[in-house]
Structures are given as C-alpha cells and as structure tokens.
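Numbering (the working numbering), first residue to last: 127 to 728.
What follows is the structure, given as structure tokens:
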C-alpha cells in the first residue's frame, strides 16, 4: 500500500508543464555516484583509445572496424549495461545506461548508431518482451558481443506509419513455423548482425507481430548492398529481403498482434538514449572548436578573443548544459519509477516498460531538442573553423554529416513534436495530468485585472523561475484554446501542434537548466557556479524568444477579433522580463571559462 501511495505521489510524465518542480527534486550530472563516475571514465578511456584516434578510418566505410570496436565494447561489458545479471549483463540502473550511451557515442556517429541499434532496438525487445527461453537463448550472446542484433521495422512504403508494413508471416501447415516474406530497408547493423527483430503481419491481422529471426543466408534471407549515406559511413546499413524465411513458432516475440506496441515502446527507450548519444558529440565538437579558436591567429589575435566567435562558443556551451540537465533529469525520473514498480512486485520487464512509457513525452522532447542542438553545434563548429571547417581533413565536416541522421531516426522530429503534445492531451483525458484546471485558470487570468505589485527578485534565479511559470501559462493558453476550438480534430491541425510542441520543448529544456544551476548554487555556493548560472540564464532567454515566436504564430492562426487581441496581450505579459539579462555579459562569462579551459568543463 505504501509503495502504491509513493507511485501515486511521484511526478508523472508531462506533469512538469502544470506543476512546479523544486531544484532539490531533480537529478543532475553532479549527482553521479562514484560507481557511475568510474563507468563514465572507463568508457571515455575506451573511446579515446579505440575510436577517436581512428576517426578518419570510420569515414572510409570500414565496416569491419565498427564490428571490431563493438566486439571489444562487448568484452568490456558496455553492451550489457542494461541487461539483467542473470543474462550475463551488468544489470545497471537506468541513469548508468544513459551514461554509457552518452560517452560511447561522441567520437563518431558510426559507433553511436551501431551501439544504439544493438543495445536498444536490437536487444531490448527480447529483454522486455521475450519468454524466459528466448531470453536465455539470445540475450547473453547479445550482452557480451558474441552476437549482434538488428531491428527490421521500416519498409519502402512504411516509414513513420510503422503499422502499415506489408511483410507477411504465414503459419506452416504443420503449425511448427512461420514463413516470412517481405522487404525491410535502412537496417542498421544488417551486414554483421546475427539476429533480426522482424515485424510482419500474420494473415489479415490489424497489427503487426514481432519475431526473432536468426540470420541464415540459406534460409531465404538476402541483403542489399551497403547504402551510400550522407553520414555514419561505417555504420552497416542495408536492405534485408525475406523470401519464405522459416521462423520457429517459439520465436514469435510477445503476443500475436502485439508488434506495434513492442515497436513503439522500444522507440521510447531509443529516443531518450538518442538524446544521450548526442551529448558527448556536442562536448567534443565544442572542445575541437575552442581549441582551434585558441590556436588560430588573425590580425595578431587568437580568434577566441573576438566577440563573434565567443558568442558562438557560449551558445554551444549553453545548449550542451541544458541537454545534460534535461536528459539526466528525465532518466532519473524513469529510474525512480522503475524501482518503485519493482518494489510493488512488478517484474523487471513490466517495471522498465511502464517506467519508460510513463515519461514517453519527455523522451520525445529530448529526442527533438538534443538532436537539433547537436546539428546547430556542428554547424557553428564549421563556421568557427572557417574554410578549414568545410574540409574533410578537419573534424567538423564529418561531425556535421553524422549529426544529420539524429533528426530522422527513432521517429522524425516532426513526428515526435506532434507525439509530445498528443500524448499530453491523452494523459489529460485519462486524468493523469490535470490540464483543464490550469488552462481555465490562465483563461480567467487573461480576462481579470493584472497585478501591479513589484515582485521580489532578490533571491538567486527568482525572476527566471517566475518566467518559467509564465512560459507554462503560454503553453496552456495556446494549447488549451486550440483544443477548445478544434476538439477531437486538433490532431489534424499539424502546424498548430508543431508550434505548441516547441513551446513545450523549450520550457522543459530551459527549466531543466535553471533547476540544475539552482541546485548546484545551493550546495556548492553561488560564486563557484557563476558559469553554470550564466548558461542557464542564456538558455532561458533563448527559450523565451522562441516561445514568443511560436505562440504568436499559433494565436494569429486560430484566434480572431477580441479573442486574438486578448491572447496577444497575454503573450506579451507572459514573456516579459522585469529585468532583462545582459546577454553579452552572460556570453562573456561562459566564453572566458571555455577559452581558459580549452574545452567544455563544468
């Protein structure tokens, strides 16, 4: 009973938009345990030894090198961090699995993709949905790197609409096996994997079904050539063709008709892990950029002293800081819910599934925000390098190309934007998040008399936290009014959903940065956290600007007359600082630290 009460009291996914979160309630990278720091350092040492010095080879489509590095990662236990110990994994907590994904993925997108595809969508479906026999047979080999996994969902006519796949599974006359026939494309690890997680439709079922298929090229399986891709050059990506491939009935994964659920839940985990996979890439890009800026002299001055360059370095750092804050905040929320479910008697499978599913909104938010931040970061990195940045001999060109895929896989960013708002509305309809009450309160506030009292902003970050409350009101005003106008047809208003999603995303990322800075200032002292505070304030300022733009776009597109005027006045009130931050000063505080350290180090 006590555990159930804890579950009921614990923050739910999406609730951040209607509830104030206290700084002491969030987990930050400064909270890593000694064990987690040791794991982080082990992964960094592995990457700096095995991957970073061979970066150029990864650009030459050396698929054997990717397989070699992955096998070494398996021998060190890195492929089994999320796998329970009874299946030869390390059985580590969710935050630790994020940490490994973060630091192993930064040197090259080829390893980031191979690692993510294998440990996530290649292994997790069996860990979370497999029978005990399936787990004992396959998971230990996957956890140790003896075997590698791949995930066959996408088809030529079924991308974002995953459940519309045409691949068929026909039960044999004797009922001993299925015969799978169909075509899958963009399959990561296809060239060197040993098993596929394949989704196919049995007869005329409404939903697809999952299967574990061993890669036997004499069993009706053939591969297309390696795809020619913009980036992730040494990630093996091929089409896979099945022609009456025999799959034993005991290799059906989960339930018949349950494949779409498996696919979606695997993607929830994949989305937050993808955010983590973009973090160290940003740190390394920023490190390379500032090192170049310190060495590059123009007009007898290192370019790191020029305001134009310092502005870029500061903005890049602020995005890394917010990405770290938000990713580890959400991962600890997920971990806490997993642990409480286990305490209440849930199995590891059910606890992890329900824990991640609860925070699916945050998973989508993070996937969008951090994948777009790494793209901006690499683009600015090229700009700082100038002409050299455009050269394949410098590290920025490949980093920019590798970053581009992050906005596409695990569901495009457009799909994830619409999902984040759609899932929040569904949670509200189920009574899991009270949107209606706060939205009505904001509507009443718009028609009421505004307060003319001067707030007390003397406490550190007090005005920033007040601004976050107002930004949440912007979301409730825009999304609430749009939902009231369109009702069930809201999901057809994609451009409004995209605008609302950006408000939601910017609010979560900025709040995470502010809460991290506040928590660290409280425990380590404000003076020691001067740079963190500057990064958090800068990230919030940028969020206010974008929210103002997106909210205005929404308001003038669905509201008219007096309603439009009232909402625009409300928007002006909700996005107005009493005391605007000095943006140039904030950037200089951040840039001074980065330039002095010659890297991103907080």
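Even glycine gets a Cβ: it sits at the ideal position worked out from N, Cα and C.
Item, Value
"DSSP three-state assignment for residue 273, whether helix, strand or coil", "coil"
"Host alpha helix (DSSP H) of residue 492 (start-end)", "486-511"
"Buried or exposed (CB count within 10 angstroms, at least 16 for buried), residue 708", "exposed"
"Residues near residue 714 in its chain [Cβ-Cβ closer than 7 Å; skip 5 each side]", "436"
"Stretch pair the segment 335-354 + the segment 255-271: three plus CB contacts closer than 8 Å", "yes"
"Where the alpha helix (DSSP H) through residue 672 begins and ends", "656-684"
"Straight-line Cα distance separating residue 207 from residue 223", "6 Å"
"Exposure label - residue 175; buried when at least 16 CB within 10 Å", "exposed"
"Residue 365, DSSP secondary structure in three states", "strand"
"Cut-off 8 Å between Cβ atoms - residues of its own chain near residue 127, not counting five sequence neighbours on either side", "Interpretation of residue 127 is limited by its pLDDT of 45, a score under 50 that renders its predicted location unreliable; the figure taken from the coordinates is listed afterwards. Excluding residues within five positions, none has a Cβ falling inside 8 Å."
"8 Å contact criterion, which residue 220 and residue 457 should meet: CB distance rounded", "6 Å"
"Sub-9 Å separation of residue 213 and residue 269 beta-carbons", "yes"
"Beta-carbon gap between residue 431 and residue 721 smaller than 9 Å", "yes"
"Between the CA atoms of residue 530 and residue 718 - distance to the nearest angstrom", "30 Å"
"Closest residue to residue 349 among 366, 342, 141, 362 (Cα-Cα distance)", "366"
"Exposure label - residue 581; buried when at least 16 CB within 10 Å", "exposed"
"Stretch pair the segment 367-377 + the segment 464-472: three plus CB contacts closer than 8 Å", "no"
"Of the listed residues 627, 565, 324, 307, nearest to residue 314 (C-alpha basis)", "324"
"Rounded distance between the beta-carbons of residue 400 and residue 536, thought under 8 Å", "5 Å"
"Counted within 10 angstroms of its Cβ, other Cβ atoms place residue 710 as buried (16 or more) or exposed", "exposed"
"Sequence-distant residues of its chain with Cβ nearer than 8 Å to residue 724 (five each side left out)", "413, 416, 417, 420"
"Residue environment, residue 433, which counts as buried when at least 16 other CB atoms sit within 10 Å", "exposed"
"Between the CA atoms of residue 352 and residue 681 - distance to the nearest angstrom", "47 Å"
"C-beta contact flag for residue 243 and residue 291 at 9 Å", "no"
"Close-in-space but distant-in-sequence residues of the same chain around residue 245 (CB under 6 Å, 5 per side omitted)", "205"
"Terminal residues of the beta strand (DSSP E) in which residue 294 lies", "294-297"
"3 or more residues per run - each beta strand (DSSP E) lying fully within the segment 221-284", "275-278"
"Local conformation of residue 374 per DSSP, three classes", "strand"
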